[in-house]
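Before any comments, here is the structure.
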Amino acid sequence: MKSNHLKKKVVPAVLAASIAFAGLALPAKNVLANEEVVRIQQQLMEAPTGLSKQEILYSFLGSQVGAEGKARTTSVDVTEQFSIIEEKADSKTNTYHFKTQEMYQGIPVYASQQTIALDKDNNVISFIGDVNKDLSRSIIPTEPSLTTEEAETVAKESIEAQIGEVSSYDGVESELIIYPSDAGKRLAYLVKASTSIPAPGYFHYFVDATSGEVLHNFDAVAALSPALEEDENAKFTPLAGGGTTPAPRALPIEYVDVTAKGMDIFGKLHSFNAVKDASSSKHFLYDGTRGKGVHTFKANRMPETSFILLSGLLGLTGFEVESNKNFFYDPAAVSAHINASKTFDYFKNIHGRNSLDNNGMKLVSTVHIGDKWNNAAWNGKQMLYGDGDGQRMISLSGGLDVIAHEMTHGVIEKTTNLIYENESGAINESIADIFGAFAENKTGEGLWLLGEDIWTPGIQGDALRSMSDPGSVYIGGYTEDGYYPDHYDKRYLGELDRGGVHINSSINNKAAQLITDGGTHYGVTVNGIGKARTEKIFYRALTLYLTPSSGFAEMRQAAIQAARDLHPDRNGAPSLEVQAVMAAYDANGVY
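For reference, each letter of the sequence shown is one residue, going -22 to -1, 1 to 569 in mature numbering (1 follows the signal peptide of the UniProt record, and there is no 0).
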């Protein structure tokens, strides 16, 4: 039964999105009338005898595009249509996993990846993804008329028409893709451009490689909650001419590890790892004991010239946080440093993951972004935290679940890279919420309140979102009743909020809470399995089964398969864990 105990306390907002990585945009699950696209949640196939794992993979994919081992037209081999981008064995479950990318004459097809799993006997036990049956019969130009530089110029002109002149881009990269537009598949450039000034952005532009037409574009940093659209402090506004602008500097060449102290934004004293310049008394917020380092910077609401200078020199947005003693006096920086370290430890200790990329990636955080910025973000390279306006929010680096949320966007980018729009974007936001909650590891109702520590300091008991009772959070006219949806039938179907990436994330959030705690929701009873098993299931679903275009149905199937891997069927019946996952998604109307 739905609780309304937060109805008066929880006020509208959503944790500011990742400046996402996966921020690639696509019209909502577009399937063109003249094409045949197969979307499969699960498909089983007994292993043919005498074939290797790769041969079984291609035999299965061939069956999906219309032939045994061949595409529908025999002129194109399935091995050319599908490129293996990852394969690995999982000794714990005796399964073998492939991730493939659909190709057209050597060019990747946007949003068309597949995950395939084999059991110990090489039977295909799971397949999730999209397959274009008619791709081999398509006639698509493969030689661009535009150069990479020309496509990037088109994208930059459009970006600057939106946000103003950009004196220096933090980074621009492009790749040639096949893009499914309303007029059919087009050869296009995918241009990704990162900015700090005049506004943080991680723009993704799809530029027709023949005509130069902008087919679609997407700015992940602007993915604010619809509930905050009228809040000027939720927008990035650098303080022109304000703040301090010390000369940017790097860490000293020689330094020693030290244990430092400092107070977080709540006045709590902490000890943490830092470094000291071997030739002076300068201390820096750098922890070299975790992966390739945890490094915390400050922006000081600096003017544009300083942002550009530091970004150009060091590739970072911020200045070193320094102290002449082993005590640091910047509470926002101390909070960011501690919480980034805690999140690193969560993924390492619980999931065996070595930082965001599983290869020790350096964790860079910058605090004091903008003037009273009610926001936090991941821009594909680092975490960014505003100070808040002191009324709606206080410094966002103080929320462990906020930091874990942003860092999880980095994990998502390095694994599934869920497209940040429509259903896949809602799954992206939900997974960031789920691991934000699990990393914070509170007990009781506090586990399921997101951002409660930094939201409206003058009001006790409220939060940015409630995962256990989404319908208690008012969001305005985006849903029929004005509250976050707690069932798939109540999902938002409009174009705002990138097709509801924040609004609809609450549906999958509720499923995660039911799997963990159990309960009865819309007449369906779920027997919870606890946090320890639930977090393993969602991590496995993310890293092994989801694809960039996965929506709610694929999320359900990925979670079921992950649960089945970890907790196999018993005597021909689904395990309690599998039953919990199935019931939770049933309760939310996701099939």
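All residues carry an ideal CB built from backbone N, CA and C; glycine is no exception.
query: I think Ile94 touches Leu35, with their Cβ atoms under 8 Å apart; what is that distance to the nearest whole Å?
result: The Cβ separation is near 6 Å, so the contact holds.
message: Nearest by alpha-carbon distance to Glu300: which of Ser258, Gln42 and Glu121 is it?
response: The candidate whose alpha carbon is nearest that of Glu300 is Ser258.
message: Can you find the residues in the same chain that come closer than 6 Å, C-beta to C-beta, to Tyr517, ignoring five residues on each side of it along the sequence?
response: His329.
Cβ separation of Ala417 and Tyr324, assumed to be a contact under 8 Å, to the nearest whole Å: Between Tyr324 and Ala417 the Cβ distance is about 4 Å, and since that is below 8 Å, they are a contact.
message: Please list the terminal residues of the continuous beta strand (DSSP E) segment that includes Gly149.
response: It spans Gly149 to Ser159 - the beta strand (DSSP E) in which Gly149 sits, taken as one unbroken run.
- prompt: Based on the DSSP secondary-structure assignment, which residues constitute the bridge partners of residue 570?
  reply: Since the first and last residues shown for the chain are -22 and 569, residue 570 lies out of range.
task: Would you tell me roughly how many angstroms separate the C-alpha atoms of Gln539 and Tyr233, rounded to the nearest one?
output: Between Gln539 and Tyr233, the C-alpha separation is close to 48 Å.
message: Let me check one thing: in DSSP terms, what residues is Val502 bridge-paired to?
response: Val502 is bridged by DSSP to His499.
task: Put Asn566 into one of helix, strand or coil per three-state DSSP.
output: Residue state, collapsed to three classes: coil.
task: Would you mind giving the Cβ-Cβ distance between Ser136 and Asp108, rounded to the nearest angstrom? I have them listed as a contact below 8 Å.
output: Their Cβ separation, rounded to whole angstroms, is 28 Å, which puts Ser136 and Asp108 out of contact at 8 Å.
message: Per the DSSP calculation, Ile85 is bridged to which residue(s)?
response: Beta-bridge pairing by DSSP links Ile85 to Tyr82.
field: Among Tyr264, Asp255 and Ala310, nearest to Lys246 - alpha-carbon criterion
entry: Ranking the options by Cα distance to Lys246, first place goes to Ala310.
- prompt: Applying the criterion that 16 or more other CB atoms from any shown protein chain within 10 Å of the CB defines a buried residue, is Phe244 buried or exposed?
  reply: By the 10 Å Cβ count, Phe244 comes out exposed.
message: In the DSSP output, which residue or residues are listed as bridge partners for Asp68?
response: Thr73, per the DSSP bridge assignment.
Ile231 versus Asn304: straight-line alpha-carbon distance, rounded: In this structure, the alpha-carbon of Ile231 lies about 19 Å from that of Asn304.
- prompt: Are Gly338 and Gly269 close, meaning C-beta to C-beta below 8 Å?
  reply: Yes. Within cutoff.
field: Cβ-Cβ separation, Ala490 to Ile412 (assumed contact under 8 Å), whole Å
entry: Indeed, because the Cβ distance is near 5 Å, the residues count as touching under 8 Å.
task: Report the rounded CA-to-CA distance for Thr78 versus Gly414, giving the unit in angstroms.
output: About 29 Å.
Between the CA atoms of Val479 and Asn566 - distance to the nearest angstrom: Asn566 and Val479: Cα-Cα distance of roughly 17 Å.
- prompt: What are the partner residues of residue 570, as DSSP defines its beta bridges?
  reply: An answer regarding residue 570 cannot be provided, because it is not within the stretch -22 to 569 covered by the chain.
message: Let me check understanding here. Comparing Cα to Cα, which of Thr126, Glu58, Asp543 and Ala382 lies closest to Lys514?
response: Looking at Thr126, Glu58, Asp543 and Ala382, the one whose alpha-carbon comes closest to that of Lys514 is Asp543.
query: Helix, strand or coil for Val451 per DSSP?
result: In this structure, DSSP gives Val451 a state outside helix and strand, which the three-state scheme calls coil.
Among Leu96, Ile63, Gln59 and Asp97, the one whose alpha carbon lies nearest that of Met81: With distances taken between Cα atoms, Met81 lies closest to Gln59.
task: With a floor of 4 residues, list each alpha helix (DSSP H) that falls wholly inside the region 464 to 499, ordered by position along the chain.
output: With a minimum length of 4 residues, the continuous alpha helix (DSSP H) runs that stay inside the region 464 to 499 are 474 to 478 and 483 to 495.
Beta-carbon gap between Ala161 and Val185 smaller than 8 Å: Result no, Cβ atoms of Ala161 and Val185 do not sit closer than 8 Å.
query: Would DSSP call Ser116 helix, strand or coil?
result: Looking at Ser116 - three-state DSSP - the assignment turns out to be coil, as it is neither helix nor strand.
- prompt: Does DSSP put Thr254 in a helix, in a strand, or in coil?
  reply: It is worth fixing the name first, because residue 254 is Lys in this sequence and not Thr. DSSP places Lys254 in strand when its eight states are reduced to three.
C-beta contact flag for Ala187 and Ser123 at 8 Å: Yes. Within cutoff.
- prompt: How far does the alpha helix (DSSP H) with Ser527 in it reach, from first residue to last?
  reply: Going by DSSP, Ser527 is part of no alpha helix (DSSP H) at all; its letter is neither H nor E.
Tyr456 vs Leu442 beta-carbon contact at 8 Å: Not in contact: Tyr456 and Leu442 (Cβ atoms no closer than 8 Å).
field: 8 Å Cβ cutoff met for Ser402 and Gly529
entry: Yes, the pair counts as a contact, with Cβ atoms nearer than the cut-off.
field: Those runs of the alpha helix (DSSP H) which lie wholly inside the region 537 to 567 and span at least 4 residues
entry: Whole alpha helix (DSSP H) segments, 4+ residues: 554 to 565.
- prompt: Given a threshold of 16 other Cβ atoms within 10 Å of its Cβ, counted over all protein chains shown, does Ile437 qualify as buried or as exposed?
  reply: Under this definition Ile437 is an exposed residue.
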